[in-house]
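These notes are about the structure you will find just below.
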Amino acid sequence: MQNSAHDPLSAFQEETKCCGCITCSKETRDTFAEMMNFSLLKDVIFVIFSVSNFCTSIGFNVPYLYVAAYADTLGISKTDASYLIAIIGGANTLGRIILGYISDKPWVNRLLVYNVCLTACGVSTAMVPLCHDYKSLAVYCIAFGFTIGAYVGLTSVILVDLLGLDKLTNAFGLLLLFQGIASFIGPPIGGWMYDLTDSYAPAFLMAGLMIAISGVVMFAIPPLQRLQARRSEQKHHTEHLALS
């Protein structure tokens with residue numbers, strides 16, 4: 016009787032089991048395992064970036080869902096209110112292209128562009144309660160759509176800059192996990208605030224603060240990088256002296 020351990024079919028089936036029950040290729044299984052490797056959470060820079068992405072994702076969907084409803088409470092027609100979503104989409108498209116093009120220049124600090132855009136996006140979103148007519152809301156939608164383009168277009172690039180290309184799969188997989196959780200809870204929190212106050216202002220204020228915080232905390236990364244570089248240099252110097 017042939018030994019099943021040497022059976023090519025058994026070996027193939029063993030290689031194509033993901034999580035012990037889902038049939039997939041070995042490459043897919045290995046990629047999924049790498050994405051769900053939580054050891055990267057020991058890296059303080061990645062933790063800061065994850066907190067930033069989590070905060071951004073909490074506020075990310077609020078303008079898309081509630082800006083038209085907020086316009087309706089101001090007496091703006093439903094047709095005009097629907098155009099606000101289109102304005103966000105158009106500005107977002109331009110933002111991704113322009114910010115991506117600028118960030119590709121070697122003399123541009125991509126992390127600074129990312130941080131400034133998120134902070135500006137959050138501040139503008141928090142100021143939505145000050146918008147009382149269609150024009151001011153349209154200006155906000157342009158600002159939001161353009162600046163949030165940095166979040167969508169530059170996240171993977173910033174990850175590579177901070178952690179290296181070899182950690183991109185793991186880092187991006189964990190980020191998607193955090194983004195999914197935050198995107199799931201963000202809009203219901205905004206709806207809950209509307210139910211309590213009968214106003215969309217708290218929802219926009221919450222979303223704006225979360226996005227602004229996500230940009231502000233990222234400014235801590237460059238000092239941390241310099242600190243880590245100094246410690247690494249001191250450690251290398253100490254080891255060199257010990258060997259001498």
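The sequence shown begins at 16 in this note's numbering and counts up one residue at a time. Glycine residues also receive a C-beta, built at the ideal position from the N, C-alpha and C atoms.
DSSP state of residue i, grouped into three classes?
i	result
residue 221	helix
residue 112	helix
residue 76	coil
residue 123	coil
residue 215	coil
residue 204	helix
residue 251	helix
residue 89	coil
residue 188	helix
residue 58	coil
residue 179	coil
residue 233	helix
residue 148	coil
Please name the residue, chosen from the options, that lies closest to residue i on a Cα-to-Cα basis.
i	options	result
residue 110	250, 196 and 165	165
residue 172	142, 101 and 119	119
residue 97	61, 127 and 80	80
residue 75	178, 245, 241 and 230	230
Our contact map puts residue i next to residue j with C-beta atoms below 8 Å; I'd like the distance itself, whole angstroms only.
i	j	result
residue 73	residue 201	4 Å
residue 83	residue 102	11 Å between Cβ atoms; not a contact.
residue 205	residue 77	5 Å
residue 106	residue 63	Incorrect: roughly 28 Å between the Cβ atoms, too far for contact.
residue 126	residue 87	Rounded, the Cβ-Cβ distance is 39 Å, inconsistent with contact.
Let me know if residue i comes out buried or exposed under the rule of 16 or more other beta-carbons within 10 Å of its beta-carbon.
i	result
residue 219	buried
residue 17	Its pLDDT being 48, under 50, residue 17 is placed unreliably in this model, and the value from its coordinates should be taken loosely. Counting Cβ neighbours within 10 Å, residue 17 comes out exposed, since fewer than 16 surround it.
residue 143	buried
residue 90	exposed
residue 211	exposed
Any beta carbon of chain D sitting closer than 9 Å to that of residue i?
i	result
residue 141	No chain D appears in this structure, which consists of one protein chain only.
**Asked** Should the stretch 152–164 be called in touch with the stretch 128–137, which here means at least 3 C-beta pairs below 8 Å?
**Response** yes
**Request:** Spell out a yes or no on whether the stretch 137–151 and the stretch 176–191 are touching, meaning 3 or more CB-CB pairs, one atom from each, closer than 8 Å.
**Result:** no
**Asked** Using 8 Å as the threshold, is the stretch 193–207 in touch with the stretch 65–85, meaning 3 or more CB pairs across them?
**Response** yes
**Prompt:** Is there contact between the stretch 231–243 and the stretch 145–159, where contact requires at least three CB pairs shorter than 8 Å?
**Reply:** no
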